[in-house]
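Undergrad:
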Amino acid sequence: MTEKKRTIKVELARVEGEGSLTIRLKGKKATAVELRIFEPPRFFEAFLRGRSHLEVPDITARICGICPVAYQMSSCHAIEDALGMKIDGSVRALRRLLYCGEWIESHALHVFMLHAPDFLGYADGLAMAKDHLDVVRRGLRIKKTGNAIMTLLGGREIHPINVRIGGFYRVPAKNELRALLPEIEWALGAVRQSLTWAADFPFPSFERDYELVSLRHESEYPFSEGRITSSKGLDLPARDFDAHFEETQVPYSTALHARIRGRGAYLCGPIARFNLNFDRLGDSTRDAARSIELSAPCRNPFKSILIRLVEIHQALEDARRIIGSYVPPDRPYVEAELRAGTGHGCTEAPRGMLYHRYTVDAEGMITDARIVPPTSQNQRTIEEDLFHLADVLATLPLEEATSRAEQAVRNFDPCISCSTHFLDLRFERA
Amino acid sequence: MGARVIGLGQPVAGDDGVGIAVLRHLRELGVPGGTELFEVADATALLPLLETPLPVVIVDAVVGHGAAGEVLEVDADDLGARGAGPRAISTHGVSLGQTIRLARLVADGRGSSRIRFVGVTIIRPDRYGCGLSPVVLAAVPRAAAAVLARIER
Chain A
-17 MTEKKRTIKV ELARVEGEGS LTIRLKGKKA TAVELRIFEP PRFFEAFLRG
33 RSHLEVPDIT ARICGICPVA YQMSSCHAIE DALGMKIDGS VRALRRLLYC
83 GEWIESHALH VFMLHAPDFL GYADGLAMAK DHLDVVRRGL RIKKTGNAIM
133 TLLGGREIHP INVRIGGFYR VPAKNELRAL LPEIEWALGA VRQSLTWAAD
183 FPFPSFERDY ELVSLRHESE YPFSEGRITS SKGLDLPARD FDAHFEETQV
233 PYSTALHARI RGRGAYLCGP IARFNLNFDR LGDSTRDAAR SIELSAPCRN
283 PFKSILIRLV EIHQALEDAR RIIGSYVPPD RPYVEAELRA GTGHGCTEAP
333 RGMLYHRYTV DAEGMITDAR IVPPTSQNQR TIEEDLFHLA DVLATLPLEE
383 ATSRAEQAVR NFDPCISCST HFLDLRFERA
Chain B
85 MGARVIGLGQ PVAGDDGVGI AVLRHLRELG VPGGTELFEV ADATALLPLL
135 ETPLPVVIVD AVVGHGAAGE VLEVDADDLG ARGAGPRAIS THGVSLGQTI
185 RLARLVADGR GSSRIRFVGV TIIRPDRYGC GLSPVVLAAV PRAAAAVLAR
235 IER
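Line by line, the protein sequences give chains A and B. All residue numbers for the first sequence refer to the numbering used here, where the first residue is -17 and numbers rise by one. All residue numbers for the second sequence refer to the numbering used here, where the first residue is 85 and numbers rise by one.
(1) Taking C-beta to C-beta, are aspartate 159 of chain B and glycine 103 of chain B nearer than 8 Å?
(2) Strictly by DSSP, which residues pair up with isoleucine 210 of chain A?
(3) When you check each C-beta in the stretch 131 to 152 of chain B against every C-beta of chain A, which residues fall closer than 9 Å?
(4) Is glycine 86 of chain B near glycine 118 of chain B, with beta carbons less than 8 Å apart?
(5) Hey, quick one: how far does the alpha helix (DSSP H) through isoleucine 143 of chain A stretch, first residue to last?
(6) Looking at the secondary structure, which residues open and close the alpha helix (DSSP H) in which isoleucine 199 of chain B lies?
(7) Enumerated in chain order, which unbroken segments of the beta strand (DSSP E) with a length of 3 residues or greater are wholly contained in the stretch 233 to 291 of chain A?
(8) Quick one: Cα of cysteine 280 of chain A to Cα of glycine 251 of chain A, how far?
(9) What first and last residue would you give for the beta strand (DSSP E) that runs through histidine 326 of chain A?
(10) State the Cα-Cα distance for the pair glycine 101 of chain B and leucine 92 of chain B, rounded to the nearest angstrom.
(11) Using a 10 Å radius around the Cβ and a threshold of 16 neighbouring Cβ atoms, would you call glycine 83 of chain A buried or exposed?
(12) Assuming contact is defined by CB atoms lying nearer than 8 Å, are isoleucine 348 of chain A and arginine 146 of chain A in contact in what I supplied?
(13) Could you give the residue range of the alpha helix (DSSP H) that holds tyrosine 192 of chain A?
(14) Enumerate in chain order the residues of its own chain whose CB-to-CB distance from arginine 78 of chain A is below 7 Å, with the five nearest sequence positions on each side excluded.
(15) What residue ranges within the stretch 21 to 98 of chain A form continuous beta strand (DSSP E) runs of no fewer than 3 residues, ordered along the chain?
(16) For leucine 7 of chain A, which of helix, strand or coil comes out of DSSP?
(17) Mind checking who threonine 341 of chain A pairs with in its DSSP beta bridge?
(18) List the endpoints of the continuous alpha helix (DSSP H) containing alanine 318 of chain A.
(19) Between B:Pro116, B:Asp162 and B:Leu189, which has its C-alpha nearest arginine 238 of chain B's C-alpha?
(20) Per the contact definition of three or more C-beta pairs closer than 8 Å, is the stretch 304 to 320 of chain A in contact with the stretch 65 to 79 of chain A?
(21) Closer than 8 Å, CB to CB, is threonine 128 of chain B near chain A or not?
(22) For glycine 169 of chain B, which residues in the same chain have their Cβ closer than 7 Å to its Cβ, ignoring the five residues on either side in sequence?
(23) Rounding to the nearest angstrom, what Cα-Cα distance links valine 316 of chain A and histidine 59 of chain A in this structure?
(24) Using a Cβ-Cβ distance under 8 Å, would leucine -6 of chain A count as near chain B?
(25) So, does the CB of arginine 44 of chain A fall closer than 8 Å to a CB anywhere in chain B?
(26) Does the stretch 369 to 383 of chain A come within contact of the stretch 92 to 102 of chain A, defined as at least 3 CB pairs closer than 8 Å?
(27) Report yes or no: is there a C-beta of chain A within less than 8 Å of the C-beta of leucine 216 of chain B?
(28) State yes or no: is the beta carbon of histidine 176 of chain B nearer than 8 Å to at least one beta carbon in chain A?
(29) Using the rule of at least 16 other Cβ atoms within 10 Å of the residue's Cβ for burial, across every protein chain shown, is tyrosine 81 of chain A buried or exposed?
(30) Beta-carbon within less than 8 Å of isoleucine 235 of chain B's beta-carbon, same chain only, minus the 5 sequence neighbours each way: which residues are those?
(31) Taking contact to mean at least 3 C-beta pairs separated by less than 8 Å, is the stretch 246 to 261 of chain A in contact with the stretch 281 to 291 of chain A?
(32) Secondary structure at methionine 110 of chain A, three-state DSSP: helix, strand or coil?
(33) Measuring straight from C-alpha to C-alpha, what distance separates alanine 318 of chain A and serine 88 of chain A?
(34) I want to see whether chain A comes within less than 8 Å of leucine 121 of chain B, judged by CB atoms only; does it?
(35) Can you tell me whether alanine 344 of chain A is buried or exposed, with buried defined as 16 or more other CB within 10 angstroms of its CB?
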């Protein structure tokens, strides 16, 4: 048999971080799919040891320029768990509002600038803007609505500095929050318009029986609280994460791959949240989803772009509700009483579940830290998706196959690292 | 007159933080009246910052151009959007070159018409770490001087 090997290398400038993806094909079957990434949280785990617990939210916010609030919220919840603190009332509501801001801006960036160009056949958002300027302007204005919430509550858009253990350093006045409402109302309409627009995209026919994993709260669409649940029966508190999930090393990547003990790969992120929490969506958001015939179950990862739009709508709906009923708290934060202990925090970053665990000593110093980001949890599933797409990729011309593979990776909105921004993709045929 | 200087970078990603280091050096040196200084970690955060009548200078790390520590100054339009030209490194999701072009497209005439780029060449970081390498650290005053020369011109 003659062996023919072809390798192409592309810069995937719309995935954050640096990494490479190699797909080896034999005939129509994939023989190997290897996603190599550099994973930043490992550095931070070591960096946090010996630091004061009060520093952790600000330090972990540095892990990602796109989702700093997720890192802050998971770390706050974990440390507050260790210290036996309970945050409720207006401070809890403001935290949810801040998280809404991050979901809006992160999802809007991905939908309009990174993922939509794949479906419309453009190399990137800039190329798409030349033909669809109104859509891009709309997307950027939606994103700006999220940024405005983050700036008000976080102190600044990037790497918020107003979050602390127990709450905030400063809370906004009622009129400061109400000033956001006109733009939130506009954005709700703009998202519904965008849903109709995106519903007509050519979605590849592809579904898999993922084990979906997300938080589930007793009454809310999950952001910061809830039990870890899965489509195949998991239902556990955050403190049991380590007992049910494990991370393993692979020879081709410095990043660890997460898996459910005894089972294997799973999927977290918008598709998991949507399927496991469709009944927790707000009424107007559920109606918006149904208006484009989108409801649970939905297991086509390419439709994650629609679900992200639905989640933007949910975040806007939540933001409007929280602002409408806001009463400033008596104190911006709850004071911590130091004690030694270990705490666990699990929240829903835009890309999926983000788990933190910290051990603090009696002086409030961190002695141990563990961070499991959503991209690490989805890595194995990304590779398995590529495996299952291999027979389709094998029939396509190389350029088209590469685009489809890139698109499949982007379904997960991977946040690979915060230092560089290229994914080299190798597509090898033997 | 006045100007807007924006440092891009990730301070805990080694040399990738050089843009932020130059900004902080400028703060210590002092800048002419009317100069605004901004630090950002995400290139898309530049979009609203480029909507200004002021001239803008963006400072960032660069790969694929010269030796580590080399300071270069180019027009923002000469930045490689996808492969060609010097490539700014500390951007996320959307590259710096793309972001600047996009800002011009969506700003509808309200954006800065004078955007310059000061870059410091680094070796692509492969892991996180605090502080700059000696050769890149030594370039910070030269990059700051290049920024000052531009905004005083």
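Ideal placement from N, C-alpha and C gives every residue a C-beta, glycine not left out. Note that the structure is predicted; figures quoted are calculated from it, not measured.
TA: Looking at the atomic coordinates:
(1) no
(2) A:Leu197 and A:Leu218
(3) Leu131, Pro132 and Val147
(4) yes
(5) Run containing isoleucine 143 of chain A: none; DSSP gives neither H nor E here.
(6) No alpha helix (DSSP H) contains isoleucine 199 of chain B, which is instead part of the beta strand (DSSP E) from 199 to 205.
(7) 238 to 242
(8) 13 Å
(9) 323 to 331
(10) 8 Å
(11) buried
(12) no
(13) Run containing tyrosine 192 of chain A: none; DSSP gives neither H nor E here.
(14) Phe205, Ser206, Asp300 and Ile304
(15) none
(16) strand
(17) A:Thr324 and A:Asp350
(18) Looking at the DSSP string, alanine 318 of chain A is not in any alpha helix (DSSP H), and its letter there is neither H nor E.
(19) No answer is possible for residue 238 of chain B: it lies beyond the span of chain B, which begins at 85 and ends at 237.
(20) yes
(21) yes
(22) Bear in mind that a pLDDT of 47 at glycine 169 of chain B, under 50, signals an unreliable position, so the model cannot answer this.
(23) 13 Å
(24) With a pLDDT of only 30 at leucine -6 of chain A, under the threshold of 50, the placement of this residue in the model should not be trusted, and no figure is reported.
(25) yes
(26) no
(27) no
(28) Low per-residue confidence applies at histidine 176 of chain B: pLDDT is 44, beneath 50, and the placement is therefore not dependable enough to give any value.
(29) buried
(30) Ala87, Val89, Val115, Pro116, Thr119, Pro139 and Val141
(31) yes
(32) helix
(33) 31 Å
(34) no
(35) exposed
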